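Each residue of the sequence shown is one higher than the one before, counting from 49 in my numbering.
Built from N, CA and C at the ideal position, the CB exists for glycine as well.
Just so you know, these numbers come straight off a predicted model, no measurement behind them.
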Amino acid sequence: MEAEDKLYNDHFLEVVDGEKGIGPPTTSDWREVERLVKFLGLFYTATLVVLASSIVCSYKCYGEIVTIETNLMGVTHSYDKELRTKAIEMRENFNKYWDEQKNINRMLIIASVFDPRQKMEFPKMCFEKLYGEDTSEAKEMYNSVCDVMKAMLKEYTIIFKGPNTQSS
């Protein structure tokens, strides 16, 4: 292994245009890279889920969006200054597109409700994760999803109500 490393180390020590390179990565460089890779791994996984073109997975999208936002919120309070700065920039971009979840298309959330494993507990859990338990924001978001579900049921009932069906 050291023989292989020597080839690369020699490359880092070469002089180019009269200036010596900065040298091979140090142990601390590798630690920083490791932290960054772990952080970016979340986005890689989310991208695979959201952009999976061969599988219908709309029920997974909202969960991934929540995972990204909660991780960004967590890292914005990190002790690692570089990672925190990067997370703050990413969160600003995230909020630009998702508007802090307030104006998100509720159908994205409804898709997760139709997953029989999740039902209405999933959005409730997500809202509590994002806004805190028993907060007015979490309740407002939950109620808005319930309202959309009720409107969909009402529309479904009107469309598929047979002519011989009696109303109760």
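Element boundaries [alpha helix (DSSP H), containing residue i]
| i | result |
| --- | --- |
| Arg154 | 154-161 |
| Thr223 | As displayed, the chain neither begins before 49 nor continues past 216, which places residue 223 out of reach and without an answer. |
| Thr115 | 106-123 |
| Leu99 | Counting along the chain, Leu99 falls outside any alpha helix (DSSP H), and DSSP gives it neither H nor E. |
Integer Cβ distance of residue i from residue j, believed to fall under 8 Å
| i | j | result |
| --- | --- | --- |
| Tyr110 | Phe162 | About 11 Å separates the two Cβ atoms, so there is no contact after all. |
| Arg83 | Leu131 | 6 Å |
| Phe142 | Leu178 | Not quite, the Cβ-Cβ distance comes to about 12 Å (not below 8 Å), so this is no contact. |
Alpha carbon of residue i to alpha carbon of residue j, nearest angstrom
| i | j | result |
| --- | --- | --- |
| Ser76 | Val85 | 14 Å |
| Gln166 | Tyr204 | 21 Å |
| Tyr145 | Asn153 | 12 Å |
| Thr183 | Glu67 | 59 Å |
| Lys198 | Val97 | 28 Å |
| Glu188 | His125 | 26 Å |
| Glu137 | Lys150 | 20 Å |
| Asn191 | Glu140 | 27 Å |
| Pro73 | Asp65 | 21 Å |
Neighbour-count burial assignment, residue i, 16 or more Cβ in a 10 Å radius
| i | result |
| --- | --- |
| Ala135 | buried |
| Phe230 | Since the displayed the chain opens at 49 and closes at 216, residue 230 lies outside it and no answer follows. |
Is the stretch 75-92 close to the stretch 107-120, with three or more CB pairs under 8 Å? The stretch 75-92 vs the stretch 107-120: in contact.
So does the stretch 169-183 actually touch the stretch 145-160, counting three or more Cβ pairs closer than 8 Å? Yes: the two stretches touch, three or more of their Cβ pairs being nearer than 8 Å.
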